Each structure stands twice: as structure tokens, then as C-alpha cells.
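To start, the structure itself, in C-alpha cells.
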Amino acid sequence: MSTGEAVQAAPARRSLRPLLFGLTVTTVLGLLFGVPWWMLLLSGAHWPTPVVAAGTALFAAAALAFPYLMFQGHARGKDWASRIADTTLGVIWVLFVWAVLGNVLRGALALGGVADPLRSRITAAAVAAVALVLVVWGYAEAMRVPRVRRVEVILPRLGKGLDGLKVVLLTDTHYGPIERSRWSAGVTRAVNALDPDVVCHTGDIADGTVAQRTAQAAPLGDIRAKLARTYVTGNHEYYGEAEGWLAHMQHLGWECLHNRHLVVERGGDRLVVAGVDDITASHSRTGHSMDHAAALAGADPDLPVLLLAHQPKQITAAVAHGVDLQISGHTHGGQIWPFHYLVRLDQPAVQGLTRHGERTQLYTSRGTGFWGPPLRVFAPSEITELTLRSA
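The following block contains the structure:
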């Protein structure tokens, strides 16, 4: 291929990207809305024509409005649109999943000799009932103050003076279009009741600017810790106002571990608490980037290291730099079952404590808040109390 042909081919590929993106989005939306529509209204149920017409109109209106509302909400910052679009996404995902699983019931009824239209009507009613229960329950789970999840982590290099050090992890609070100031205050009360030594927030504080979410974030300033309150950026900070959130967290009295570390001491023993920017930072306009070497520069190599990093997949660099424990969020535990299977394709862990290499452990939180759909289904939120133990 000549140089001229290569130059012509590159724009041609770029010109196809919007088309491929549009086809992909259309296909996904077609499946998300189309499968439940077919299962609930068609598929041999033979509902009266007015029922089918009304249901079809509802599905069509939701499918057509959804992209517009997502754009107005998440691209133009209109909270009312985000609330509608995000809720629609959660409901249609639950309906899609259980419409697919409903085919198991259809098959069982067929084996039992139940014929259409009764078979399809029973299946449609079951799918609708299960989806309704899960949406209501999932909303209640998303909006409540998270339960405390207690985990003990043995760090062989931890000194005896630090045995029992209590680290409380918050992450993915995602203050957003649903006003949650009271929820945020409840989280603060729950954290303070634990009497922590160190409190960490591993990013995705909010969806929006500091000006938009000041009231929701304000209770973070009331969180107490005996030794340190530390924060690192998540990927959502880099969708909007990373520098603003770093400055605001510093204003609230938190230590922003922007590729740097601090040392905490108790009982004559010390622990390095380090933090790195999110892995997506280098693609933003801030000039930020994940830099483990900078974060640990000047740290005593004989001291154990607790690393704050938003995404579990940042563990590879943590292992290379001899980190003892990385704490992360980002995955939300999948948030709405069975989405965790897709998350696992991108991340080395979805939730819980895992080991990586000879020294390094990773704790992945299911998240304190939620992103987008105000639902949590089989993936409860958490405030994590990590008790560090010496060998």
C-alpha cells in the first residue's frame, strides 16, 4: 500500500465509526426493548388487540425517547432527563433479563402439556411480576444507607503496633441527579460510629460539578478519622471536573493522594498510605495520569503499603511496585444482576478480597452509592470496615 492509499484509508475508517456506533446502539436498544415487548405482548399470548396496541405504543415511546433523554441528561447536564433515562435503563434491563429467563418457564410449561395462549400468558405474567418485585426491592436497596461489611486482612509486613488498624472504605458515592443529601449524612453517621483510624474514598464522588453537588458532598466534611482521611480520583471525575473535586475534597479536610503518599504511625510502627489517579486520567485534558512510581517516591521500601486506586485492574502495576494491599471500587459488584458477568470481562475482580502475586492483595468494594439506574439487584452497596492484622 502506498502512502497516499494509507492516508485515504484512514479517513475512510474514521468515517465508518459513527455508522458502526449507530448500528451497535440501535441493535442493543432493539434487543433491550424488543425482547421484553415480544415476551410480554406477543409470543403466542393472543392478548386482545387494544392491549397489544397500548403495550406496543408504550415500548416504542420509551425506546425512542431513551436516547434523547440520555443525551439531554448525561451530555447536557439536565438532571430531570437523567433521572428518567437512568430509571428507564434499570427497568428495561431487569425486564430484558427476566424475559430471556422466562423461556425456561415456557419450556417447562410446554413439557407439562400447557398450551398457548395460556402458556404464554402465564409466562408473561410471571416475568412482569418478578420484574416489578425486583425493581421495587432494587430501588429500596439503592436508596438505603449501606450496611457495614467487615473484613479482616492479614498483612505479613504490618508492624505489631498497627495490628487491628481500622480502615473504612467509601467509594462510588456518585452524588447525582437524585438529591441524596440525607443519605450522605446517614453514611457519615455510619462511618463515624465505626471510630475508624483511616477513612479512604477511592473515587467517583459525583456525577456533575462541585457546584451541582455541593450539598450532597457536604457531609463528607464531617467524617472523622484518628489518623487520616484520604481520597483519590475515579474515572467519573475525569468526565467533568477532576481538579474541582480535588480542590473541594481538600477544602473539606481530606488528603488528596494525587500520585503521592503519606505515612501513618501507631504504636511505634508505620504504614505508607499511597494513592494514584484513575487509569483513565491520561485520556483527559487535566494532564493527570496514573503514576505508581511518583506515588511511592521517597517511601521506605521496608514499610507496608496501602494503596488507593479506583479500578481493580490497576492491580497489575501495584504488584510490580510491591504494594501490600490495594483498595478499589468501580465495579459496583455489577449493581444489577447479572451485569457482573460483563464487568468481569474488564476487571480482575468484581468484589471482595483477592490475592495477586506473592505479596499483593486487592479488596474490591461493591460501592457505597450507585451509578445511573437507582437500583441494586443482588449486589448490595457497602461501607467497608477493613481491619488490618499483622502476621
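For the sequence shown, full-length UniProt numbering assigns the number 1 to the initial residue and increments by one for each residue that follows. Even glycine gets a Cβ: it sits at the ideal position worked out from N, Cα and C. Quick caveat: nothing in here was measured; it's all calculated off a predicted structure.
Proximity of R359 and D324 at Cβ, strictly below 8 Å: Yes, these two residues count as a Cβ contact at 8 Å.
Hey, quick one: how far does the beta strand (DSSP E) through E141 stretch, first residue to last? Note, E141: premise wrong, no beta strand (DSSP E); alpha helix (DSSP H) at 118-143.
On the three-state DSSP scale, how would you describe residue 450? The requested residue 450 does not occur in the structure, where the chain is confined to residues 1 to 391.
Are there three or more Cβ pairs, one per stretch, closer than 8 Å when the region 184-204 is compared with the region 158-172? The region 184-204 is in contact with the region 158-172.
Could you have a look at A228 and say whether DSSP puts it in helix, strand or coil? Note: A228 maps to strand in three-state DSSP.
Straight-line CA distance for Y139 to Q335? Going by the C-alpha atoms only, they are around 11 Å apart.
Per the contact definition of three or more C-beta pairs closer than 8 Å, is the region 227-237 in contact with the region 308-318? The region 308-318, when compared against the region 227-237, does touch it at the 8 Å Cβ threshold.
Between which two residues does the beta strand (DSSP E) containing V276 stretch? Counted as a single uninterrupted DSSP element, the stretch harbouring V276 is not any beta strand (DSSP E), since DSSP gives it neither H nor E.
Within its chain, find whatever has a CB closer than 6 Å to the CB of A142; leave out the 5 residues flanking it on each side and keep chain order. Apart from sequence neighbours up to five positions away, the residues of its chain that approach A142 with a beta-carbon distance below 6 Å are F370, P374, L375, R376, ordered along the chain.
Would you call the region 119-135 and the region 32-52 in contact, with 3 or more CB pairs under 8 Å? A contact exists between the region 119-135 and the region 32-52.
Need the endpoints of the alpha helix (DSSP H) that V283 sits in, please. Note on residue identity: the sequence assigns His, not Val, to residue 283. Per DSSP, H283 belongs to no alpha helix (DSSP H) and is neither H nor E.
Can you find the residues in the same chain that come closer than 6 Å, C-beta to C-beta, to P177, ignoring five residues on each side of it along the sequence? Cβ neighbours of P177 beyond the five flanking positions: D79, S82, R83.
Ends of the beta strand (DSSP E) at I383? Start and end: 382-390.
In DSSP terms, what I154 is bridged to: DSSP output for I154 lists R389 as bridge partner(s).
Determine the DSSP secondary structure at H201, reduced to helix, strand or coil. Note: H201 maps to strand in three-state DSSP.
What three-state label does DSSP hand residue 396 in the structure shown? The chain is shown only over 1 to 391; residue 396 falls outside these bounds and no answer can be derived.
Among H201, E243, F378, A131, which residue has its Cα nearest to the Cα of E385? Nearest of H201, E243, F378, A131 to E385, Cα basis: H201.
Does the pairing of the region 248-260 with the region 211-231 give three or more beta-carbon distances under 8 Å? At 8 Å Cβ cutoff, the stretches touch.
Put T331 into one of helix, strand or coil per three-state DSSP. In the structure shown, T331 falls within a coil segment according to DSSP collapsed to helix, strand and coil.
Go ahead and label E152 buried or exposed: buried means 16 or more other beta carbons lie within 10 angstroms of its beta carbon, across all protein chains shown. Its Cβ having fewer than 16 others within 10 Å, E152 is exposed.
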